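Enquirer: A single structure is presented below for examination.
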Amino acid sequence: MEFAGEDYFRFMAYERAADAVHNAPPLADLALAGELTSLPGIGKSIAEKIQSILETGTCGYLEELRAQYPPRLMEVLTVPGIGIKTARMLFEQFEIGSLADLEAALEDGTLAGAPRLGKKSIENLRRGILASKGRSRRWPLGVARPIAEALIEYLRANVRADNLIAAGSLRRAEPTVGDIDVICTSGEPDAVIKAFASFSRAQAVLAEGSTKGSIWLETGLQIDLRVLPAHLFGNLLQHFTGSREHNIQLREMAVRKNLRVSENGILNLETGDNITCTTEEEVYSALGLAFIPPELRLGLGEIDAARNGTLPRSIELADLRGEFHMHSRYSDGANTLEEMVEACAVRGYAYHAISDHSQYPTRGGDVGLTPEAARRQRDHVRGLGNRFGIRTLCASEVDVRPDGSLVFDERTLAEFDLVIASVHTGTNASRDEMTRRMIAACENPYVSIIGHPTGRYVDETSDFAGYEFDYDAVFAAAARTGTALEIDGHPARLDLPSALARRAKGFGVTFTCDSDAHSIPALGNVSYAVGQARRAWLEPADVLNTRSLEAVLAFVAQKRASAALPANKH
DNA sequence: GCCGTTTTCGGCCCGACTGTTTTCAGTCG
6 MEFAGEDYFR
16 FMAYERAADA
26 VHNAPPLADL
36 ALAGELTSLP
46 GIGKSIAEKI
56 QSILETGTCG
66 YLEELRAQYP
76 PRLMEVLTVP
86 GIGIKTARML
96 FEQFEIGSLA
106 DLEAALEDGT
116 LAGAPRLGKK
126 SIENLRRGIL
136 ASKGRSRRWP
146 LGVARPIAEA
156 LIEYLRANVR
166 ADNLIAAGSL
176 RRAEPTVGDI
186 DVICTSGEPD
196 AVIKAFASFS
206 RAQAVLAEGS
216 TKGSIWLETG
226 LQIDLRVLPA
236 HLFGNLLQHF
246 TGSREHNIQL
256 REMAVRKNLR
266 VSENGILNLE
276 TGDNITCTTE
286 EEVYSALGLA
296 FIPPELRLGL
306 GEIDAARNGT
316 LPRSIELADL
326 RGEFHMHSRY
336 SDGANTLEEM
346 VEACAVRGYA
356 YHAISDHSQY
366 PTRGGDVGLT
376 PEAARRQRDH
386 VRGLGNRFGI
396 RTLCASEVDV
406 RPDGSLVFDE
416 RTLAEFDLVI
426 ASVHTGTNAS
436 RDEMTRRMIA
446 ACENPYVSII
456 GHPTGRYVDE
466 TSDFAGYEFD
476 YDAVFAAAAR
486 TGTALEIDGH
496 PARLDLPSAL
506 ARRAKGFGVT
516 FTCDSDAHSI
526 PALGNVSYAV
536 GQARRAWLEP
546 ADVLNTRSLE
556 AVLAFVAQKR
566 ASAALPANKH
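Sequence positions in the first sequence follow my numbering and run 6 to 575.
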């Protein structure tokens, strides 16, 4: 649209709509429910185009544009320093329609004399092409966060700085991030930047100014550090946390009140007063809003909620009294049963469940426990008694067969305190088959939790979006049957995805936040689950493992009691 | 193309940085 010279605000509308789609639950569900225009930035026209794309794979307008321009033209825009104006000029005057065309033109000097492209710009483009080749990837949260934490620890030990914090997508707990933004306040910014540039894992220093530095790690991951004056910390943290769409909406709202919001303060356009804030709370308060947790800042209704006082009381890690999903050496875990129990006690949990796998076949052979082995494990757990000062529930992560039945029979299931049902195999079944399978699992009276419900994976190479099923139908079944849906904190899973979890909450579903730990350190992954739960607007009351042990057991017992009832009773 | 606690028409976030065009356009986040 930009190449075609389309009106700026028109293609901006598409860009904002694309952003909303990226953060929304699957569009097929919304389209079916006639809810596409409920997404912010999607009106009648774009909804019609989405409908067409869902039905036919494309839409008329897109095909019109595709016919006008070579398919690889967009590559040129990925080069840092080339925006739409330059790309258009290169296409129209030099017939550059791909990255390869651009590289060739830079080689043979045909770009000499091009408007606004001097010697320095040409050189920057050469470097930019090299940079762009290693940079298009995104990084899983589970990879980026430990790196940010290591950097912050290093700076804390070596410089005089306060308010060291990772902002940006990391702070919003996005499942993947494009880079790491760290900010801090200090009276000695030069020394801070210098120490930053000397970070042992830095492979290249891209910028080393007086208030901002950029480094590349050997993997190509970029880290930016900004050092700021303390009296502006609130404004800056708010600005650098984003998201872009959240900031746009916030500033649009502020403009209607004659206020101009930026990282430099909140300027009252009538009086000329500039309000600077040392905390984010002050920023939101100055705009008449309640504090919005970073994980909610996606431009998906949080600003209205902050104005109306209808924001959730977001769940926090400290709300968890235990968790349900972890493995020991009995199946594929790295630590012994005792080690896992003790580690959970050390974390301060009142209770936890050991949920080793049931037996199921994999390409590498069977994994998991037979019913007999599960019974031996149960006796082992019972024998621990209160040795570690924590209540250990005997649980199992039981595999769901393609027909929706579980690999353990009812008698075996009844012997566990708690059962998690998970799909690990046969994931290429049709949408209808998978929907029936998931609903059958929910309807099993012994299943209290559905583990990693969509099967999606998060990493830099795989875009496996999980197995397809009718999410709304399964959410309704989970709510109706009293089955909790897990938010799995394994950084490669983060499943349920937050957009789906937020939708499921609308059906009245109960959730769990679990680590899915296969080792002691991985118990910490439960914090990723909490981050996704916050992005889904979940409150403590929505999450089973914020409740007392008695309440958890009652949740399990209530559903099991339905096993004694005839079908169709409720 | 979207949207509205003044508005269904007439607006649309904000600033830093860079290179080059001696006053600013283009890019980026």
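We put the CB at the ideal spot given by N, CA and C, even for glycine. Note that the coordinates shown come from a computational prediction; the quantities given were computed from them, not determined experimentally.
1) Does the Cβ-Cβ distance between Ala497 and Val463 come in under 8 Å?
2) Using three-state DSSP, classify Gly270 as helix, strand or coil.
3) Going by DSSP, which residues form a beta bridge with Leu490?
4) Counting only the same chain and skipping the five closest in sequence on each side, list residues whose C-beta sits under 8 Å from that of Lys90.
5) As an exercise, report each continuous alpha helix (DSSP H) stretch of at least 4 residues that is fully enclosed by the region 90-171, in chain order.
6) Taking 8 Å as the threshold (C-beta atoms), are Cys447 and Thr488 in contact?
7) On the three-pair Cβ rule with 8 Å, is the region 194-207 touching the region 160-171?
8) Considering just the uninterrupted stretch of the beta strand (DSSP E) at Ile188, what are its terminal residues?
9) Quick one: complete alpha helix (DSSP H) runs, 4+ long, within the region 9-87?
10) DSSP three-state call for Thr195: helix, strand or coil?
11) Looking at C-alpha atoms only, which residue of Ala38, Glu287 and Leu264 is the closest neighbour of Asp278?
12) Give me the residue from Ala378, Gln563, Pro85 and Gly536 with the minimum Cα distance to Leu325.
13) Sorted by chain position, which residues of the same chain lie with C-beta nearer than 8 Å to Arg383's C-beta, five sequence neighbours on each side aside?
14) Leaving out five residues on either side along the sequence, give the residues of the same chain with a beta carbon under 6 Å from the beta carbon of Ala310.
15) Is Arg507 closer than 8 Å to Phe480 when the C-beta atoms are compared?
16) Are the CB atoms of Ala110 and Leu116 within a distance shorter than 8 Å?
17) Could you tell me which of Ala559, Leu175, Asp195 and Ala434 sits nearest to Leu160, measuring between CA atoms?
18) Pull up the distance between the alpha-carbon of Gly225 and that of Phe204, whole angstroms please.
19) Kindly confirm or deny that the region 211-229 and the region 176-186 touch, where touching means at least three C-beta pairs closer than 8 Å.
20) Give me the Cα-Cα distance between Leu37 and Gly471, rounded to the nearest whole angstrom.
21) Counting C-beta neighbours from all protein chains within 10 Å, is the total for Ser236 16 or more, i.e. buried, or is it exposed?
22) Looking at C-beta atoms only, is the number of pairs between the region 294-313 and the region 251-270 that lie closer than 8 Å three or more?
23) Assess, as a yes-or-no matter, whether the region 540-554 is touched by the region 317-336 under the definition of 3 or more beta carbon pairs within less than 8 Å.
24) Hey, quick one: how far does the alpha helix (DSSP H) through Arg396 stretch, first residue to last?
25) Using the Cβ count rule (16 or more neighbours within 10 Å means buried), how would you classify Asp500?
26) Let me check one thing: in DSSP terms, what residues is Ile320 bridge-paired to?
27) Report the start-end ranges of each alpha helix (DSSP H) in the region 225-263 that is 4 residues or longer and not cut off at the edges.
28) Tell me which residues share the same chain as Ile444 and place their Cβ nearer than 8 Å to its Cβ, disregarding the 5 neighbours each side in the sequence.
29) Determine the DSSP secondary structure at Tyr462, reduced to helix, strand or coil.
30) Run through DSSP, which three-state label would His385 get?
31) Which partner residues does Asn279 have in the DSSP bridge list?
32) Let me confirm a value: Asp113 is counted as buried when at least 16 other C-beta atoms fall within 10 Å, else exposed. Which label applies?
33) Should Ile87 and Leu130 be called a contact, given that it needs their Cβ atoms to be closer than 8 Å?
34) When the Cβ atoms of the region 332-349 are set against those of the region 538-548, are three or more pairs found closer than 8 Å?
35) Using three-state DSSP, classify Arg442 as helix, strand or coil.
36) CB-CB under 7 Å to Arg469, same chain, minus the five flanking residues each way: which ones, in chain order?
Expert: If we stick to the structure as given:
1) Contact annotation: Ala497 and Val463 have beta-carbon atoms nearer than 8 Å.
2) Strand.
3) According to DSSP, which records beta bridges pairwise, Leu490 is partnered with Ile455 and Phe516.
4) Nothing meets the Cβ criterion.
5) Those alpha helix (DSSP H) runs which fall completely within the region 90-171 and span 4+ residues are 104-113, 124-138 and 146-163.
6) In this structure, Cys447 lies closer than 8 Å to Thr488 by Cβ.
7) Put simply, the region 194-207 touches the region 160-171. At least three CB pairs are less than 8 Å apart.
8) Counting along the chain, Ile188 sits inside the beta strand (DSSP E) bounded by residues Ile185 to Thr190.
9) Here the runs fully enclosed are 13-27, 32-37, 49-61, 65-73 and 78-81.
10) What sits at residue 195 in the sequence shown is Asp, not Thr. Secondary structure at Asp195: helix, using DSSP grouped into helix, strand and coil.
11) Across the set Ala38, Glu287 and Leu264, the C-alpha of Leu264 shows the shortest separation from the C-alpha of Asp278.
12) Sorting Ala378, Gln563, Pro85 and Gly536 by C-alpha distance to the C-alpha of Leu325 places Gly536 at the top.
13) If we look at Arg383 and ignore the five residues flanking it on each side, its Cβ neighbours are Cys399, Glu420 and Phe421.
14) Counting only Cβ-Cβ distances below 6 Å, and skipping sequence neighbours, we find Leu316.
15) Result no, Cβ atoms of Phe480 and Arg507 do not sit closer than 8 Å.
16) In this structure, Ala110 lies closer than 8 Å to Leu116 by Cβ.
17) Minimum Cα distance to Leu160 is reached at Asp195.
18) Rounded to whole angstroms, the gap between the alpha carbons of Gly225 and Phe204 is 15 Å.
19) Yes: the two stretches touch, three or more of their Cβ pairs being nearer than 8 Å.
20) Looking at the backbone, the Cα of Leu37 and that of Gly471 are separated by about 20 Å.
21) Looking at the sequence shown, residue 236 is not Ser but His. So His236 ends up on the exposed side.
22) Flag = yes, the region 294-313 and the region 251-270 touch.
23) Contact holds: three or more Cβ-Cβ distances are below 8 Å.
24) Arg396: not part of any alpha helix (DSSP H); member of the beta strand (DSSP E) spanning Arg396 to Asp404, first to last residue.
25) Burial check for Asp500: the Cβ neighbour count within 10 Å reaches 16 or more, so the residue is buried.
26) Paired residue(s): none; Ile320 is not in a bridge.
27) For the region 225-263, whole alpha helix (DSSP H) runs of length 4 or above, ordered along the chain, are 238-246 and 249-260.
28) Within the same chain, Gly409, Ala478, Val479 and Ala482 come within 8 Å of Ile444 by CB-CB distance, once the 5 residues on both sides are set aside.
29) In the structure shown, Tyr462 sits in coil (DSSP, three-state: anything other than H, G, I, E or B).
30) When secondary structure is reduced to three states using DSSP, His385 falls in the helix class.
31) Answer is Leu272, bridged to Asn279.
32) Per the 10 Å Cβ criterion, exposed.
33) Against a cut-off of 8 Å, the Cβ pair of Leu130 and Ile87 comes out as a contact.
34) No, they do not touch.
35) DSSP places Arg442 in helix when its eight states are reduced to three.
36) First, the amino acid is wrong: residue 469 is Phe here, not Arg. In chain order, Arg461 and Tyr462 place their CB closer than 7 Å to the CB of Phe469, counting only its own chain and leaving out the 5 sequence neighbours on each side.
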